[in-house]
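To keep things clear, I will list the structure first and then write my remarks on it.
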(Lines of atoms letter the chains of each structure in order from A; the text may use other names.)
(Lines give C-alpha, C1' and ligand atoms only; values in the text may rest on other atoms or scores of the structure.)
Protein backbone atom coordinates (compact mmCIF):
# COMPACT_ATOMS: atom_id res chain seq x y z
CA UNK A 1 0.00 0.00 0.00
CA UNK A 2 2.81 2.42 0.89
CA UNK A 3 4.49 1.58 -2.42
CA UNK A 4 1.26 2.50 -4.23
CA UNK A 5 1.15 5.94 -2.65
CA UNK A 6 4.84 6.48 -3.42
CA UNK A 7 4.12 5.76 -7.08
CA UNK A 8 1.38 8.39 -6.91
CA UNK A 9 3.88 10.88 -5.60
CA UNK A 10 6.23 10.13 -8.46
CA UNK A 11 3.42 10.70 -10.95
CA UNK A 12 2.84 14.15 -9.47
CA UNK A 13 6.58 14.79 -9.62
CA UNK A 14 6.60 13.82 -13.30
CA UNK A 15 3.71 16.13 -14.04
CA UNK A 16 5.53 18.98 -12.28
CA UNK A 17 8.66 18.30 -14.31
CA UNK A 18 6.61 18.45 -17.50
CA UNK A 19 5.20 21.86 -16.50
CA UNK A 20 8.70 23.16 -15.80
CA UNK A 21 9.89 21.98 -19.19
CA UNK A 22 6.99 23.67 -20.97
CA UNK A 23 7.06 26.86 -18.88
CA UNK A 24 9.35 28.78 -21.32
CA UNK A 25 6.78 28.25 -24.04
CA UNK A 26 3.88 29.52 -21.93
CA UNK A 27 3.84 33.31 -21.95
CA UNK A 28 1.97 33.71 -18.65
CA UNK A 29 4.39 31.49 -16.74
CA UNK A 30 7.44 32.92 -18.48
CA UNK A 31 6.57 36.57 -17.83
CA UNK A 32 5.11 36.38 -14.32
CA UNK A 33 6.95 33.55 -12.51
CA UNK A 34 10.69 32.90 -12.79
CA UNK A 35 11.67 29.30 -13.49
CA UNK A 36 13.64 28.99 -10.26
CA UNK A 37 10.55 29.96 -8.27
CA UNK A 38 8.52 27.33 -10.05
CA UNK A 39 11.15 24.74 -9.20
CA UNK A 40 11.00 25.68 -5.52
CA UNK A 41 7.19 25.64 -5.42
CA UNK A 42 6.81 22.33 -7.15
CA UNK A 43 9.63 20.71 -5.18
CA UNK A 44 7.97 21.76 -1.94
CA UNK A 45 4.58 20.51 -3.07
CA UNK A 46 6.04 17.21 -4.20
CA UNK A 47 7.94 16.71 -0.96
CA UNK A 48 4.76 17.36 1.03
CA UNK A 49 2.67 14.93 -0.96
CA UNK A 50 5.28 12.17 -0.82
CA UNK A 51 5.62 12.52 2.97
CA UNK A 52 1.82 12.82 3.44
CA UNK A 53 1.04 9.74 1.40
CA UNK A 54 3.89 7.84 3.02
CA UNK A 55 2.48 8.49 6.50
CA UNK A 56 -1.01 7.46 5.37
CA UNK A 57 0.35 4.27 3.88
CA UNK A 58 2.25 3.45 7.08
CA UNK A 59 -0.90 4.01 9.15
CA UNK A 60 -2.94 1.77 6.87
CA UNK A 61 -0.27 -0.94 7.06
CA UNK A 62 -0.33 -0.75 10.87
CA UNK A 63 -4.14 -0.98 11.00
CA UNK A 64 -4.14 -3.85 8.51
CA UNK A 65 -1.58 -5.73 10.60
CA UNK A 66 -3.72 -5.19 13.73
CA UNK A 67 -6.83 -6.50 11.96
CA UNK A 68 -4.92 -9.52 10.71
CA UNK A 69 -3.67 -10.21 14.23
CA UNK A 70 -7.21 -9.96 15.64
CA UNK A 71 -8.48 -12.40 13.03
CA UNK A 72 -5.71 -14.85 13.91
CA UNK A 73 -6.53 -14.48 17.61
CA UNK A 74 -10.21 -15.13 16.87
CA UNK A 75 -9.32 -18.29 14.98
CA UNK A 76 -7.09 -19.36 17.85
CA UNK A 77 -9.94 -18.77 20.31
CA UNK A 78 -12.30 -20.82 18.20
CA UNK A 79 -9.75 -23.61 18.20
CA UNK A 80 -9.91 -23.62 21.99
CA UNK A 81 -13.58 -24.65 21.89
CA UNK A 82 -14.42 -28.20 20.91
CA UNK A 83 -17.69 -30.10 20.60
CA UNK A 84 -17.32 -33.82 21.27
CA UNK A 85 -18.94 -36.72 23.06
CA UNK A 86 -19.03 -36.65 26.86
CA UNK A 87 -16.56 -39.52 27.23
CA UNK A 88 -14.17 -37.97 24.69
CA UNK A 89 -14.40 -34.65 26.51
CA UNK A 90 -13.46 -36.28 29.81
CA UNK A 91 -10.58 -38.18 28.19
CA UNK A 92 -9.31 -34.92 26.67
CA UNK A 93 -9.53 -33.11 29.99
CA UNK A 94 -7.63 -35.80 31.86
CA UNK A 95 -5.04 -36.59 29.20
CA UNK A 96 -1.99 -38.31 30.63
CA UNK A 97 -2.47 -36.63 34.00
CA UNK A 98 -3.90 -39.24 36.34
CA UNK A 99 -3.72 -36.97 39.40
CA UNK A 100 -6.35 -34.27 39.79
CA UNK A 101 -6.55 -31.79 42.63
CA UNK A 102 -10.23 -30.87 42.24
CA UNK A 103 -13.14 -32.27 40.25
CA UNK A 104 -16.47 -30.47 40.31
CA UNK A 105 -19.57 -32.13 38.85
CA UNK A 106 -23.03 -30.67 38.39
CA UNK A 107 -25.58 -33.01 36.82
CA UNK A 108 -28.96 -34.63 37.19
CA UNK A 109 -28.15 -38.23 38.13
CA UNK A 110 -24.43 -38.47 37.07
CA UNK A 111 -25.28 -41.96 35.76
CA UNK A 112 -23.41 -41.27 32.50
CA UNK A 113 -20.50 -39.33 34.01
CA UNK A 114 -19.76 -41.75 36.84
CA UNK A 115 -18.58 -44.83 34.90
CA UNK A 116 -16.29 -42.78 32.66
CA UNK A 117 -14.46 -41.21 35.60
CA UNK A 118 -14.49 -44.45 37.58
CA UNK A 119 -12.80 -46.41 34.79
CA UNK A 120 -10.04 -43.81 34.40
CA UNK A 121 -8.76 -44.79 37.86
CA UNK A 122 -7.75 -41.25 38.75
CA UNK A 123 -6.19 -40.04 41.96
CA UNK A 124 -8.46 -37.20 43.06
CA UNK A 125 -7.76 -35.05 46.09
CA UNK A 126 -11.20 -33.40 46.26
CA UNK A 127 -14.42 -34.23 44.43
CA UNK A 128 -17.58 -32.14 44.82
CA UNK A 129 -20.78 -33.39 43.21
CA UNK A 130 -24.23 -31.84 42.89
CA UNK A 131 -26.95 -34.44 42.22
CA UNK A 132 -30.63 -33.70 41.71
CA UNK A 133 -33.49 -34.50 44.08
CA UNK A 134 -36.65 -35.67 42.32
CA UNK A 135 -39.41 -34.70 44.73
CA UNK A 136 -42.86 -36.29 44.94
CA UNK A 137 -44.52 -33.34 43.23
CA UNK A 138 -42.01 -33.37 40.38
CA UNK A 139 -43.80 -33.30 36.99
CA UNK A 140 -41.80 -36.32 35.83
CA UNK A 141 -44.03 -39.39 36.31
CA UNK A 142 -40.98 -41.49 37.19
CA UNK A 143 -39.72 -39.14 39.87
CA UNK A 144 -39.60 -41.82 42.57
CA UNK A 145 -37.54 -44.21 40.44
CA UNK A 146 -35.25 -41.37 39.39
CA UNK A 147 -34.77 -40.28 42.98
CA UNK A 148 -33.86 -43.86 43.92
CA UNK A 149 -31.36 -43.86 41.05
CA UNK A 150 -29.76 -40.67 42.38
CA UNK A 151 -29.45 -42.22 45.83
CA UNK A 152 -27.76 -45.26 44.28
CA UNK A 153 -25.38 -43.00 42.35
CA UNK A 154 -24.31 -41.35 45.59
CA UNK A 155 -23.36 -44.79 46.92
CA UNK A 156 -21.51 -45.60 43.70
CA UNK A 157 -19.47 -42.42 43.96
CA UNK A 158 -18.45 -43.42 47.47
CA UNK A 159 -17.12 -46.68 46.05
CA UNK A 160 -14.86 -45.04 43.46
CA UNK A 161 -11.28 -45.88 44.34
CA UNK A 162 -8.89 -42.95 44.18
CA UNK A 163 -11.14 -40.15 45.46
CA UNK A 164 -9.66 -38.97 48.74
CA UNK A 165 -12.28 -36.39 49.78
CA UNK A 166 -15.79 -36.84 48.39
CA UNK A 167 -18.60 -34.39 49.04
CA UNK A 168 -22.01 -34.97 47.49
CA UNK A 169 -24.88 -32.49 47.81
CA UNK A 170 -28.44 -32.95 46.54
CA UNK A 171 -30.35 -30.04 45.05
CA UNK A 172 -34.07 -29.76 44.30
CA UNK A 173 -34.46 -28.09 40.94
CA UNK A 174 -34.46 -29.25 37.33
CA UNK A 175 -31.07 -28.63 35.71
CA UNK A 176 -30.89 -27.25 32.20
CA UNK A 177 -27.21 -28.10 31.87
CA UNK A 178 -24.50 -30.35 33.24
CA UNK A 179 -20.85 -29.63 33.76
CA UNK A 180 -17.58 -31.19 34.86
CA UNK A 181 -14.57 -29.08 35.86
CA UNK A 182 -11.07 -30.50 36.15
CA UNK A 183 -9.04 -28.19 38.39
CA UNK A 184 -8.97 -24.83 36.58
CA UNK A 185 -7.78 -26.40 33.33
CA UNK A 186 -10.85 -27.78 31.58
CA UNK A 187 -14.58 -27.11 31.70
CA UNK A 188 -17.01 -29.57 30.12
CA UNK A 189 -20.51 -28.13 29.75
CA UNK A 190 -23.59 -29.46 27.96
CA UNK A 191 -27.36 -29.07 27.94
CA UNK A 192 -30.32 -31.10 29.14
CA UNK A 193 -33.82 -31.28 27.69
CA UNK A 194 -36.73 -32.91 29.58
CA UNK A 195 -37.75 -36.40 28.56
CA UNK A 196 -40.15 -38.27 30.86
CA UNK A 197 -39.49 -41.53 29.01
CA UNK A 198 -35.73 -41.43 29.52
CA UNK A 199 -34.17 -43.52 32.26
CA UNK A 200 -32.27 -40.40 33.30
CA UNK A 201 -35.31 -38.11 33.24
CA UNK A 202 -33.86 -36.05 30.39
CA UNK A 203 -31.89 -36.11 27.18
CA UNK A 204 -28.44 -34.60 27.06
CA UNK A 205 -26.53 -32.96 24.22
CA UNK A 206 -22.85 -33.41 23.47
CA UNK A 207 -20.84 -30.93 25.51
CA UNK A 208 -18.45 -28.18 24.55
CA UNK A 209 -14.99 -28.20 26.11
CA UNK A 210 -13.26 -25.02 27.28
CA UNK A 211 -9.51 -25.15 27.77
CA UNK A 212 -7.91 -22.63 30.10
CA UNK A 213 -4.37 -23.60 29.21
CA UNK A 214 -3.77 -21.12 26.37
CA UNK A 215 -6.72 -18.78 25.84
CA UNK A 216 -7.40 -16.05 28.41
CA UNK A 217 -11.13 -15.71 27.74
CA UNK A 218 -11.68 -19.45 28.30
CA UNK A 219 -9.54 -19.30 31.46
CA UNK A 220 -11.68 -16.47 32.81
CA UNK A 221 -14.89 -18.35 31.96
CA UNK A 222 -13.61 -21.44 33.76
CA UNK A 223 -12.61 -19.41 36.83
CA UNK A 224 -16.02 -17.70 36.97
CA UNK A 225 -17.80 -21.05 36.56
CA UNK A 226 -15.81 -22.43 39.51
CA UNK A 227 -16.96 -19.49 41.63
CA UNK A 228 -20.55 -20.09 40.46
CA UNK A 229 -20.35 -23.83 41.22
CA UNK A 230 -18.89 -23.32 44.69
CA UNK A 231 -21.57 -20.77 45.57
CA UNK A 232 -24.34 -23.16 44.44
CA UNK A 233 -22.67 -26.05 46.25
CA UNK A 234 -22.36 -24.07 49.48
CA UNK A 235 -25.93 -22.80 49.17
CA UNK A 236 -27.44 -26.28 49.00
CA UNK A 237 -25.01 -27.77 51.51
CA UNK A 238 -26.26 -25.35 54.18
CA UNK A 239 -29.95 -25.78 53.30
CA UNK A 240 -30.13 -29.46 52.54
CA UNK A 241 -29.58 -32.34 54.90
CA UNK A 242 -28.88 -34.79 52.08
CA UNK A 243 -25.13 -34.35 52.36
CA UNK A 244 -22.74 -37.27 52.30
CA UNK A 245 -19.12 -37.00 53.36
CA UNK A 246 -16.37 -39.62 53.17
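In this note's numbering, the protein residues as written are 1 to 246. Positions of the beta carbon are idealized from the N, C-alpha and C atoms, including for glycine.
What residue range is occupied by the uninterrupted beta strand (DSSP E) comprising residue 179? Its beta strand (DSSP E) spans residues 177-182.
Check the C-beta distance from residue 177 over to residue 188 and give it rounded, since I have them as a contact under 8 angstroms. Contact flag wrong, Cβ pair sits at about 11 angstroms.
Touching or not, the region 155-167 and the region 85-93, by the rule of three or more beta carbon pairs under 8 angstroms? Touching, no, given that fewer than three Cβ pairs across the two stretches are closer than 8 angstroms.
What would DSSP say about residue 209, mapped onto helix, strand or coil? For residue 209, the secondary structure class from DSSP, reduced to helix, strand or coil, is strand.
Distance CB(residue 130)-CB(residue 90) smaller than 8 angstroms: Their beta carbons are not under 8 angstroms apart, which means residue 130 does not touch residue 90 by this criterion.
Taking the alpha-carbon positions, what's the residue 112 to residue 205 distance? Straight-line Cα distance between these residues: approximately 12 angstroms.
Would you mind stating whether residue 319 and residue 134 have Cβ atoms separated by less than 8 angstroms? Nothing can be reported for residue 319: it is not among the residues displayed for the chain, which extend from 1 to 246.
Quick one: what's got a C-beta closer than 6 angstroms to residue 99's C-beta in the same chain, skipping five residues either side? Taken in chain order, the residues that qualify are 123.
Are residue 236 and residue 174 close, meaning C-beta to C-beta below 8 angstroms? Not a contact, by the Cβ cut-off of 8 angstroms.
In DSSP terms, what residue 165 is bridged to: 126.
Who are the near neighbours of residue 143 in its chain, counting only those whose CB is closer than 6 angstroms to its CB and skipping five residues on each side? Shown here for residue 143: same chain residues with a beta carbon closer than 6 angstroms to its own, the five before and five after excluded, namely 134 in chain order.
Determine the DSSP secondary structure at residue 159, reduced to helix, strand or coil. Coil at residue 159, not helix or strand.
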